[in-house]
Each structure stands twice: as structure tokens, then as C-alpha cells.
Amino acid sequence: MSRTPVARRPNLVPGAYRGVAVSDVTCELDEGSLAAHFVGLEAYRRTRFIVVRRGDQTAVVSVEKASAADGEDPLFVPITGVALLTGPQECAFLVRPDLDAAVPTMLARAAREGAPGKRGVVMQDGYGHISFIVDPAPLRLTVREVVPPHPAKLFDQTRRLLDVAEHLPPIELVAEVVDLTELARTHPAETYLLPCRGAGVTVEGSATCYLDQRPEHRAWTLLGCERSQQIHEWIYGERAEQVDTCPRRAGPTPGAVLTRCCLLEREVVTEPGQVVVPWGATLAQVSEALVRVVREWEPSWSPG
């Protein structure tokens, strides 16, 4: 028999691909035909979903299984019901050896790149594992920071973490960068003072000094944040003319924002519209920030 229809919810992914079975059938891939085929057959006790193939067609069903009276299920349990999650007209099967099927963000990436508009996407990854996503709707996360240096490190750290984040919902990253050289062009000056020589910033047509080198004081425009201004005041006894470059103060952006700030030294903070990590944040701090982002913007998400 078929089950009561499953309510749609975005970003439906299995909790683990070990709970996904794959089966080739000769019957039609509608719910009634699949129920007639599967009900009464045995399934491994961890199986919660079945990816069903019929030629080049694909469907995904969830399954109900009989439970033992003592709660200790044997290795194989009879299937008592199925529910069609996505049928062949709205489901695609992709082979992506460059991705990992255990990572929800990678499932959503495969859907966006390989099957836009499809409700369901089944993906076989480079390990031969198979998983799926139904109704992909990744959380849009804007990573806001300052460049140079290139690449933008906070964005790169976040991307690398999401590539292995099996515990987080699908997230789509958007880079929003403040380019110091472009910012300088909108605030012309004969001399610019940059916080650190390590960024390697120079402004064509103007002299460039670096605060960490403690240059002889002159009339300049500081391209920096409040911490740089505090250091300037400590060294020279006065505040400088400044163009504030702090990405934390850039103002609201639709959706979630992850950014960083020199005024934070160890802590990760959640503010209206954004989560902020210290400048020079570790991967552990960025990972904590991602958990906070999900807690604020996707509090109801959980694997299927």
C-alpha cells in the first residue's frame, strides 16, 4: 500500500546515504505501481528511502517498514508502505565524481548546475555513493570582506568548510567584497595609509604608507577600520582622516551575512542580519559561525 502523502518541505535530504537503497524495476514509476512492487519485500533495517531506476527514468520513494514487538529490528524488515517523493518527470539522475553525496551543499550545487528546475535530483558521487535532494532551496549566505589579499580568505574558508559539512543544510555562498584600491579611487588623496604591508595594496598615482611600519607622520588618508584608527592614535597621538573599510559596518543585505571585524579578538558574535568572526578567524571559528547562521536563518532544518 502507499502511505499518506508526505508534506513538501525544502531541502529534503537523507540523514545519511547509508539509508538510501537503489533498485531497478520494470514497473511504472507512479506511487501505486511502486507500492505494488515494494510492499511485502524485505529492506535492510537502515533503509528509509529507495532510489528507483527504470531505464533512464528515476524516482525516489520513502518507505515504512514493520517493527519488531521488542523494538529490536532484525537485519531485514518487510516493507509495509511507500510514498513517492519525486516522480520521473521531475527527477534527474546526475553523476558527479567531483562532489560528495554526503554533503547537502554539494547535492544542492549539483541540482543547480546540472538540473535547474527539477524538484528532485539524485547524485552519484566520486565514491560511488548515491544520495538525493528534493525541492532544493539553499540558504543564501553573503560573505562580506575586504580585498586584497586575494583570494578573499573568509570566503575561501567558508567554501572549504561547506565542502565537508555533512551536518549543515544546503548553503549557497555569495561573495561581497570591498576592494581597497577601488575604494581609494572614490576618495582621492595624495597619500594613503594602509593598516598592513602584508595586503600588498598600492594606489596608482598616490603614495602609500603602511601603519605596521610606523612611518613618519604626514598628511594622509587612512584606508582602514576602527582598530587601525585606534593604533594610529596610539602611535601618533591623534586620529587620522579616514575611509572606514570595516565590512561589519557595511549595512543590511537581504538574507544571511557572514563577515569579520578587527574589534573582535576571540569571540564569534551574532548581530541583527549577520554573524561576525574575528579578523584572522580560524577554521574552527568560521565553523562555529556557520552553525550560528543556520540557527538564526534555518532553525527548523533537519535531514529527512
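The numbering used here puts the first residue of the sequence shown at 207, with every later residue one more than the last. All C-beta atoms, glycine included, are put in the ideal place defined by N, C-alpha and C.
Where residue i sits in the DSSP three-state scheme
i	result
E319	helix
R224	helix
G238	helix
S208	Per-residue confidence for S208 stands at a pLDDT of 48, beneath the threshold of 50, marking its modelled position as unreliable; the derived number appears in the next sentence. Strand, per DSSP.
V499	helix
E270	strand
R260	strand
L389	helix
V370	coil
D418	helix
A490	helix
L469	coil
R215	coil
Burial state of residue i (16 or more Cβ within 10 Å)
i	result
Y223	buried
F244	buried
G486	exposed
V228	exposed
I441	exposed
T264	buried
D306	buried
E187	As shown, the chain starts at 207 and ends at 510. That puts residue 187 outside it, with no answer to give.
P394	exposed
A462	buried
A272	exposed
T488	exposed
A522	An answer regarding residue 522 cannot be provided, because it is not within the stretch 207 to 510 covered by the chain.
Residue i - partner residues in DSSP beta bridges
i	result
F361	Answer is none; F361 lacks a bridge partner.
A381	V349
V481	L464 and T476
G326	C297 and V340
I441	Bridge partners of I441: none, in fact.
E248	P284
C431	DSSP output for C431 lists no bridge partner at all.
D450	G430
C233	Paired residues: none, contrary to the question.
T292	V266
D331	R302
T397	A413
Within 7 angstroms, strictly: CB atoms of residue i and residue j
i	j	result
C402	R433	no
L240	V269	no
V475	Q491	no
P220	G510	yes
E278	K324	no
L496	P484	no
P344	E378	yes
P376	P310	yes
T427	E410	no
C431	T451	yes
A314	I339	yes
L386	L429	yes
C415	L399	yes
R472	T465	no
Quiz prompt | Segment contact, 8 angstroms Cβ cut-off, at least three pairs: the stretch 347 to 358 with the stretch 375 to 394 | solution = Counting Cβ pairs under 8 angstroms, three or more are found: they touch.
Exercise. Count the CB pairs spanning the stretch 473 to 484 and the stretch 414 to 426 that are closer than 8 angstroms, and state whether there are at least three.
Key: The stretch 473 to 484 makes no contact with the stretch 414 to 426; the number of CB pairs closer than 8 angstroms stays below 3.
Quiz item: For the stretch 354 to 373 against the stretch 328 to 346, are there 3 or more C-beta pairs whose distance is under 8 angstroms?
Solution: The stretch 354 to 373, when compared against the stretch 328 to 346, does not touch it at the 8 angstroms Cβ threshold.
Practice problem: Could you tell me whether the stretch 312 to 326 touches the stretch 253 to 260, using the rule of 3 or more Cβ pairs below 8 angstroms? | Solution: No: the two stretches stay apart, fewer than three of their Cβ pairs being nearer than 8 angstroms.
Practice problem: Say whether the stretch 285 to 305 touches the stretch 245 to 255, bearing in mind that this needs 3 or more beta-carbon pairs closer than 8 angstroms, one atom from each stretch. | Solution: Yes, the stretch 285 to 305 touches the stretch 245 to 255.
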